[in-house]
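Heads up: take any position in the sequence shown, counting from 1, add 1142, and you land on our numbering. All C-beta atoms, glycine included, are put in the ideal place defined by N, C-alpha and C. A quick note: this is a predicted structure, and the numbers were derived from the prediction, not measured.
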Amino acid sequence: MSKGNYRRYFQFFLVVIAAGAIYPVIYLRTNYQETILEVFNLELTSLNNFYSVLGLAYIIGYLPSGLLSDKLPAKWLIGISLLGVSLCGFWFGTVPGESSVRTIFFLWGFFSVFTFWSSHLKLVKMLSRASEEGRFFGILDGGRGVVEALMGTIGLAIFASILGSSVEIADKHDALVAVINLYSAIVGAAAILIILFVENDKQLAEHAEEGTQADEATKFRFSDLGKLLKNKYVYLMGSIIFMGYAVFWTVYYLGGFLQTNIGMDAVTVGTVTAIVLWMRPVGGFIGGFLADRYGRPYTICGATLGAAAFLVLIAILPITMSPMLFSVLIIVLGGFLYAIRGTYWSLLGSAGIDAVMMGSAIGLISLVGYLPDIILPQLNSYLWTTYGDTGGYTAYFLVSAMLGVVGAILALVFNWLHSAEKAQSAAAAQVIAE
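Printed below as a string of structure tokens:
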């Protein structure tokens, strides 16, 4: 292997670490929702409101994120993002009041999307050769899953060692703060590594194959956006991601369901959700393999239908049944959820998007696809207020299952349209040849 390839792979490895490290502190509720509510003295509706603020920052930032990544060096955008999230994490670890927490969530949304989202995806594209893009993006999602799972496992070990069997709020406070500070320190360390060892866009372009990316950043014009806005696949792909991401969002409520409805203690719930985190590389890698073998739309369709089926099962089974049964169902569900998350961006190569507009396309698709970040917290507040804890989880899981079915249908529509266009192009080429 050449020295240049080692350099590319090492930089790609650092981007994977950055992508895996930046979000766990933001979505700490996945493992510790009930503990957060107790330590911060919050109602669930208040926590949902904070995530709506986060979602609002996301929605504001997605499209400008794409434009920004087409204009400024990805390395510095990513480094600034990681430092911002890290500092806000340490602030969160001081357990401030609600107004400060609301500000923290908005800043988290700003740093993890506006300056990060499109930049890190574009950097992966620049680091990969044409023959490696599918592999790199597949490894990106699976690899970040490994990072998240490692962080979750280490965090759980620290949480359990500090909390032990105690139910005192002071011990829960110390255990939760230790996890928050650990996650924040890891994000800060990732920022330093990115700044020190990742090359600027110009240097990366000089190593690109056949000069295909050498002047990519300078070719972009705002007038090109008109062509992007007319691409039907951008909106269809955004809708598919919307449905798939809405189904995936249930992963943030699985821990709360186990602790509130099934009656598990905080450490046991943390153990189950940590295992679910390990399903991300499993689901991502298996999903990627199946996508290459059987087709991306069919794999997305199968994953969303599988997740929908397990959500219905978890929702309708009596909560008096064995906690072990629910744990197993949730772990398997995690595999389907992460298969969805790991494959829906694979449709990007079939959307007919010019490379020069890739960052902007990612921003526009994300603007549509990640609307659940702002919609679902408010929907769930309504469901919990209307149906209570037990009924709220049931209603939420059933609604998510229905969205999964819609997403599966949209994936098939995407496949039908793309196949039809390919057939038309092939027929036209044959006519010209004759």
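As a quick exercise: from the options, pick the residue whose alpha carbon is nearest that of residue i.
{"i": "S1561", "options": "F1253, Y1538, G1494 and V1411", "result": "G1494"}
{"i": "I1300", "options": "N1403, A1317 and A1331", "result": "A1317"}
{"i": "I1551", "options": "S1488, R1435, K1564 and L1378", "result": "L1378"}
{"i": "S1228", "options": "V1319, A1332, M1293 and Q1175", "result": "A1332"}
{"i": "G1426", "options": "I1482, L1521 and I1202", "result": "I1482"}
{"i": "F1339", "options": "A1565, Y1529, V1157 and L1396", "result": "V1157"}
{"i": "R1244", "options": "D1212, R1171, V1424 and N1190", "result": "N1190"}
{"i": "L1324", "options": "N1522, G1287, T1413 and M1293", "result": "M1293"}
{"i": "T1413", "options": "R1422, G1397 and G1405", "result": "G1397"}
{"i": "L1298", "options": "T1410, R1286, F1258 and I1336", "result": "T1410"}
{"i": "I1178", "options": "G1491, I1504 and G1239", "result": "G1239"}
{"i": "F1247", "options": "Y1169, G1285 and T1257", "result": "Y1169"}
{"i": "Y1394", "options": "A1161, N1522 and T1527", "result": "N1522"}
{"i": "I1328", "options": "P1519, G1505 and Y1165", "result": "Y1165"}
{"i": "I1472", "options": "T1462, L1455 and S1488", "result": "L1455"}
{"i": "H1315", "options": "L1224, L1367, G1226 and A1408", "result": "A1408"}
{"i": "V1181", "options": "V1376, L1305 and N1557", "result": "L1305"}
Check whether the Cβ atoms of residue i and residue j lie closer than 8 Å to each other.
{"i": "T1485", "j": "G1429", "result": "yes"}
{"i": "A1457", "j": "T1536", "result": "yes"}
{"i": "V1167", "j": "S1326", "result": "yes"}
{"i": "G1208", "j": "S1260", "result": "yes"}
{"i": "S1099", "j": "Y1204", "result": "Since the displayed the chain opens at 1143 and closes at 1576, residue 1099 lies outside it and no answer follows."}
{"i": "V1418", "j": "L1545", "result": "no"}
{"i": "I1159", "j": "V1309", "result": "no"}
{"i": "G1231", "j": "I1322", "result": "yes"}
{"i": "L1196", "j": "W1233", "result": "no"}
{"i": "Y1480", "j": "R1422", "result": "yes"}
{"i": "Y1436", "j": "Y1512", "result": "no"}
Quick check on the burial criterion: 16 or more other C-beta atoms within 10 angstroms. Buried or exposed for residue i?
{"i": "E1563", "result": "exposed"}
{"i": "N1183", "result": "exposed"}
{"i": "I1311", "result": "exposed"}
{"i": "N1147", "result": "exposed"}
{"i": "R1307", "result": "Before going on, a small fix: residue 1307 reads as Ser here, not Arg. The residue is exposed, with fewer than 16 neighbouring Cβ atoms inside 10 Å."}
{"i": "Q1153", "result": "buried"}
{"i": "S1464", "result": "exposed"}
{"i": "V1470", "result": "exposed"}
{"i": "L1151", "result": "The displayed chain sequence assigns Tyr, not Leu, to residue 1151. When all chains shown are included, Y1151 counts as exposed."}
{"i": "P1215", "result": "buried"}
Under 7 Å Cβ to Cβ from residue i, same chain only, skipping five residues before and after it: list those, please.
{"i": "I1222", "result": "T1257"}
{"i": "L1142", "result": "Only positions 1143 to 1576 of the chain appear in the structure, and residue 1142 is not among them; the question remains open."}
{"i": "R1171", "result": "I1178, L1189 and Y1394"}
Whole alpha helix (DSSP H) runs in the segment 1474 to 1539 with 4 or more residues, listed along the chain? 1500 to 1511
Alpha helix (DSSP H) runs contained entirely in the segment 1205 to 1273, provided each spans 4 or more residues: 1216 to 1234, 1240 to 1251 and 1259 to 1269
Give the list of continuous alpha helix (DSSP H) stretches no shorter than 4 residues that lie fully inside the segment 1364 to 1441. Counting whole runs of 4 or more residues, the segment 1364 to 1441 contains the alpha helix (DSSP H) stretches 1367 to 1371, 1374 to 1390, 1396 to 1402 and 1408 to 1436.
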